[in-house]
């Protein structure tokens, strides 16, 4: 019964969210489409300006020669899926998903139809799908961007992806997904605690900025990247540790740090979720 | 008689305010049950507790055989609390599909259209709810409460914001739910005439307590009173004492019919100028007034 009711919660949340065109467009489609269009225009502009310049005069980064390897594009894009730009727009959708029931006063409609933990977990389920959809759309736009580049500069296309590359691609995509879900959990907790859409949007960003400065201040604090406190306080550092492990193997991550990073990521997922469920369970939903 | 709702010493406090004060109530299965009370009587608080939106401070409630918040029991209920609101980007039809899905039902176009038709929203079925009037939102709220085919429906002010034809339609719908489909309907309303017309039983609440409960027929029987339009009213009240109540520009005398002539003679002898005297039957409004001590104002009695 409980699993069925959880499935009901996920289905109904997904049904509703899919009809919120504004949230879907901003959180899933805007970055890939804007990136694709802006990237294409940029390439055309570059092509026009480069007409009179020989390749020898161009800095190496702007050289448009050789084969474009789509396989490597996928792997490198997977490594950047948790980028701040994409995250910011995903948070627009997440904040709507988590906080809009307070704004629309619709908790009272759903809360009598399911258990409160299920209602929260239903939203989390849809959040995971939303993040996945946004990342897939971003990957597709990057691949299309490479195709556009190849067409504009008449470059050859190739697709080289070894088994190792494939593992790296899925590994990087998976931890990027988890990293963004962490922000989603902070957004959820902020939404439940404050009942505010803006708080659900900005608190994860503020926390992220705070962690960024904390990471810069690590030498001042005497923290080493492998310290428990650094890994636990800075999930971004934990993410970087695991990312380096996937990209470079054991050489990429300091010895004995990986499990600390993994524990940090898991804690940053579970603690905000548990706090949100506990708080929501006691919340007066008649005051929305 | 099977009860769909039973509360025992149900209490809810907000700081120093006791919104519910030891309410013990049993609502039988079947029929339409009205809950009346002036503003602040605790009706909405009671509904919110029954629906699991808030927790009682003390006491307990059994709803459809389950404790408050029991999701299985809750799924056998439908509800509309206050003016319902919906995601503004959804159409009425989408709202029904969404909440059916939340309830574990597969989307059923025929069922959805059927309920939209029954509440008079067929033509607005595919319009976004952001453009709906309060009355249309009320209608959709009722459809939402009923789409899952519940055994018990709780409706808070179901005719609020509706025009007179809409009120009539809603009254007919509520009666048919109870009479033809065997659904127990509990409603709260300020519209006492509506309650009298549609309800089988009524509970009158005041200051968080149950002050009167019974069938509408029982509550309104035997309450005949002599309505006197006369001056000065102070002299009449001095004669009647606590048997008299002032209602607007008249006094209602709760006396047996046999004492009427003697009372009138006595008042005339005392110099009271009687403009009109007639016997009036008790209605729910007068019962409500006497039980709650409410002042009749347009806000209290709409």
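Chains as they are written, first to last, in the numbering used here: chain C, 24 to 311; chain B, 100 to 401.
Quick reminder that beta carbons are idealized off the backbone N, C-alpha and C, glycines included.
Could you check if residue i is buried or exposed, using at least 16 other CB atoms within 10 Å of its CB as the buried criterion?
i, result
"residue 177(C)", "exposed"
"residue 148(B)", "buried"
"residue 27(C)", "exposed"
"residue 215(B)", "buried"
"residue 237(B)", "buried"
"residue 347(B)", "exposed"
"residue 292(B)", "exposed"
"residue 64(C)", "exposed"
"residue 38(C)", "buried"
"residue 232(C)", "exposed"
"residue 138(B)", "exposed"
"residue 256(B)", "buried"
"residue 341(B)", "exposed"
"residue 67(C)", "exposed"
"residue 142(B)", "buried"
"residue 333(B)", "exposed"
"residue 367(B)", "exposed"
"residue 239(C)", "exposed"
"residue 167(B)", "buried"
"residue 108(C)", "exposed"
"residue 394(B)", "Residue placement at residue 394(B) is poorly supported in this model, since its pLDDT is 47, which falls under 50; the coordinates are not used for a value here."
Could you have a look at residue i and say whether DSSP puts it in helix, strand or coil?
i, result
"residue 378(B)", "strand"
"residue 227(B)", "strand"
"residue 280(C)", "coil"
"residue 89(C)", "coil"
"residue 105(C)", "coil"
"residue 348(B)", "coil"
"residue 46(C)", "helix"
"residue 100(C)", "helix"
"residue 165(B)", "strand"
"residue 341(B)", "helix"
"residue 325(B)", "strand"
"residue 356(B)", "helix"
"residue 29(C)", "helix"
"residue 154(B)", "coil"
"residue 312(B)", "strand"
"residue 301(B)", "strand"
"residue 404(B)", "Outside the shown range of chain B (100 to 401) lies residue 404(B), about which nothing can therefore be said."
"residue 129(C)", "coil"
"residue 257(C)", "coil"
"residue 402(B)", "Lying outside 100 to 401, the shown extent of chain B, residue 402(B) is not represented and no answer is given."
If residue i and residue j are in contact, beta carbons under 8 Å, what's the gap, nearest whole angstrom?
i, j, result
"residue 243(B)", "residue 194(B)", "7 Å"
"residue 220(C)", "residue 122(C)", "4 Å"
"residue 270(B)", "residue 297(B)", "5 Å"
"residue 325(B)", "residue 359(B)", "5 Å"
"residue 265(C)", "residue 144(C)", "That pair is no contact at about 25 Å."
"residue 99(B)", "residue 204(B)", "This structure does not reach residue 99(B), given that chain B is present from 100 up to 401, and the question cannot be answered."
"residue 189(C)", "residue 269(C)", "Actually they are not in contact, since the Cβ atoms of residue 189(C) and residue 269(C) sit about 12 Å apart, beyond 8 Å."
"residue 272(C)", "residue 249(C)", "Not quite, the Cβ-Cβ distance comes to about 17 Å (not below 8 Å), so this is no contact."
"residue 255(C)", "residue 200(C)", "So it is not a contact: roughly 21 Å between Cβ atoms."
"residue 135(C)", "residue 151(B)", "6 Å"
Suppose the cutoff is 6 Å on Cβ atoms and the five residues either side in sequence are ignored; what does the same chain contact list for residue i look like?
i, result
"residue 100(C)", "162, 165"
"residue 121(B)", "108, 110"
"residue 91(C)", "169, 173, 178, 180"
"residue 398(B)", "Because the pLDDT at residue 398(B) is just 38, under 50, the model does not fix this residue reliably, and the value given afterwards should be weighed accordingly. Closer than 6 Å at Cβ, skipping near neighbours: no residue."
"residue 234(B)", "260, 261, 265"
"residue 130(B)", "277, 299"
"residue 116(C)", "46, 50, 153"
"residue 101(B)", "128"
"residue 218(C)", "125"
Based on DSSP bridge pairs, tell me the residues matched to residue i.
i, result
"residue 255(B)", "287(B)"
"residue 116(B)", "113(B)"
"residue 218(B)", "Beta-bridge pairing links residue 218(B) to no other residue."
"residue 176(B)", "251(B)"
"residue 125(B)", "105(B)"
"residue 159(B)", "107(B)"
"residue 190(B)", "227(B)"
"residue 132(B)", "285(B), 300(B)"
Which same chain residues, not among the five before or five after residue i, have their C-beta less than 8 Å away from its C-beta?
i, result
"residue 171(B)", "165"
"residue 336(B)", "343, 345, 350"
"residue 189(B)", "197, 227, 228"
"residue 292(C)", "201, 204, 205, 208"
For the ligand FAD, any of its heavy atoms closer than 7 Å to the Cβ of residue i?
i, result
"residue 247(B)", "Although the ligand FAD was asked about, the structure shown includes no ligands whatsoever."
Just to confirm my understanding: we take residue i, look at its own chain, exclude 5 residues before and 5 after, and list those with CB closer than 7 Å. What are they?
i, result
"residue 302(C)", "215, 216"
"residue 240(B)", "179, 183"
"residue 294(B)", "133, 135, 288, 301, 383"
Selection of the segment 136-156 of chain B by Cβ proximity to chain E, strictly under 7 Å: No chain E appears in the structure shown, which is made up of the protein chains C and B.
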